[in-house]
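K.L.:
This structure is in structure tokens; I'll ask about it shortly.
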Ligand code: SF4
Ligand code: SF4
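Encoded structure:
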């Protein structure tokens, strides 16, 4: 596309942006409040956004509290990731019908009715989507369900101007600034307490087309600089850090490190960390039939390396202890993922830290193997 232009739009124009996307027949999803947390849900108007709310996060803790202002994207991240739209938690693969003793397989060819537009995607989440694209769409084992849902998706990123204490995207090289061209439109929310505006930038031609329908003014150098500085503050405000230097070899060489026993005493093997992780992609297959025996279904659902059944092969499970399962998870995330896909499987979103009921912290566990653990937070 042509050179990117940065423009200034007033906050109310977000409503027009939603209408422009709806007019193009996208199913629009974005942040909304549900059950005391920011989740991703259908968005039909600006009033659906979590105006004036922010999140407080720490290891094993999350709460939603009012802000002093009317920010629309004034939180950091909730428990859900966008993967639920492209890689659903549960999806039917096929039905089977018993016709006179012979089962007919009826493939589920249903595609999503229309492409999605995702509003409010953070930089680390764009990196997670790119990671799942690599695994589920662009690799040797492409998943047609993922590809059908991912096709045509319109991504509106909102850059972070604040970080949660659990964030460490900067050390993973995935944020908080949105990388050029990774979203159709990138927004930065500014001056929320005074005149409340957004810096908007198109990353693709179709993003430029949508943006051209809004009322905007070219952003001044001062406004562009202010937005860049706000994002830089989110970076410098990150307290957690994952030192990735030599991390793969560190994990591989410490298969029998005593730290695994220590973390196993705290880990509840609840699988929360894998459910909230935007890059985890493992699934299981379930078959079910009705009582008459004439109808059967095959479903695919998210699974986790923290369950005993996940590693079941003929005769039993390979990883029966919490120690083996935690070690498998973190070693895959930070070491063998590199062997498979060329990068670590972690984007530093911090969800697994916030949503671990035991407050287990991936940055702290990795640091512990180096023998330099600093409980709570590592250097920034
Ligand atoms: S590390 Fe935490 S979230 Fe993950 S399985 Fe163990 S207790 Fe659950
Ligand atoms: S491992 Fe944890 S911090 Fe890394 S991407 Fe997954 S949930 Fe986020």
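Numbering (the numbering used here), first residue to last: 47 to 426.
Just so you know, even glycine gets a beta-carbon here, dropped at the ideal spot from N, CA and C.
Since the structure is predicted, the reported quantities are computational estimates derived from the model, not experimental observations.
Distance, Cα to Cα, residue 386 vs residue 248?
P.N.:
Roughly 33 Å separates the two Cα atoms.
K.L.:
On a CA-only basis, which of 117, 405, 167 and 408 is nearest residue 239? Give me that one, please.
P.N.:
Checking every option, the nearest Cα to that of residue 239 belongs to 117.
K.L.:
Can you tell me the Cα-Cα spacing of residue 309 and residue 255, whole angstroms?
P.N.:
Their backbone Cα atoms lie some 51 Å apart in a straight line.
K.L.:
What I want to know is whether the C-beta of residue 395 ends up closer than 7 Å to one or more non-hydrogen atoms of ligand 2.
P.N.:
Indeed, a heavy atom of ligand 2 lies less than 7 Å from the Cβ.
K.L.:
In terms of alpha-carbon separation, which member of 192, 410, 148 and 92 lies closest to residue 139?
P.N.:
With distances taken between Cα atoms, residue 139 lies closest to 192.
K.L.:
Can you look up residue 173 in the DSSP assignment and give me helix, strand or coil?
P.N.:
Residue state, collapsed to three classes: helix.
K.L.:
Comparing C-alpha positions only, which one of 135, 124 and 112 sits nearest to residue 347?
P.N.:
Closest by alpha carbon: 135.
K.L.:
Excluding the 5 residues preceding and the 5 following residue 401 in the sequence, name in chain order all residues of the same chain whose CB lies nearer than 6 Å to its CB.
P.N.:
Cβ neighbours of residue 401 beyond the five flanking positions: 125, 318 and 322.
K.L.:
Measure the C-alpha to C-alpha separation of residue 421 and residue 169 and round it to an integer number of angstroms.
P.N.:
Legend: pLDDT at residue 421 = 46, less than 50; position of this residue unreliable, no value from coordinates given.
K.L.:
Can you name the start and end residues of the beta strand (DSSP E) that residue 331 belongs to?
P.N.:
That run of the beta strand (DSSP E) goes 329-335.
K.L.:
Verify the contact flag: residue 108, CB atom, against every heavy atom of ligand 1, threshold strictly below 7 Å.
P.N.:
No, ligand 1 has no heavy atom inside 7 Å of this Cβ.
K.L.:
Note down, in chain order, each residue of its chain lying with its Cβ closer than 7 Å to the Cβ of residue 175, except the 5 sequence neighbours on either side.
P.N.:
Counting only Cβ-Cβ distances below 7 Å, and skipping sequence neighbours, we find 128.
K.L.:
Is there at least one non-hydrogen atom of ligand 1 closer than 7 Å to the beta-carbon of residue 315?
P.N.:
Yes, the Cβ of residue 315 comes within 7 Å of a heavy atom of ligand 1.
K.L.:
Going by the beta-carbon positions, is the gap between residue 276 and residue 207 smaller than 8 Å?
P.N.:
In this structure, residue 207 lies closer than 8 Å to residue 276 by Cβ.
K.L.:
What's the call for residue 264, buried or exposed, on a 16-neighbour Cβ count within 10 Å?
P.N.:
Under this definition residue 264 is an exposed residue.
K.L.:
Can you determine whether any heavy atom of ligand 1 sits closer than 7 Å to the C-beta of residue 404, and answer yes or no?
P.N.:
True, at least one ligand heavy atom lies under 7 Å from that Cβ.
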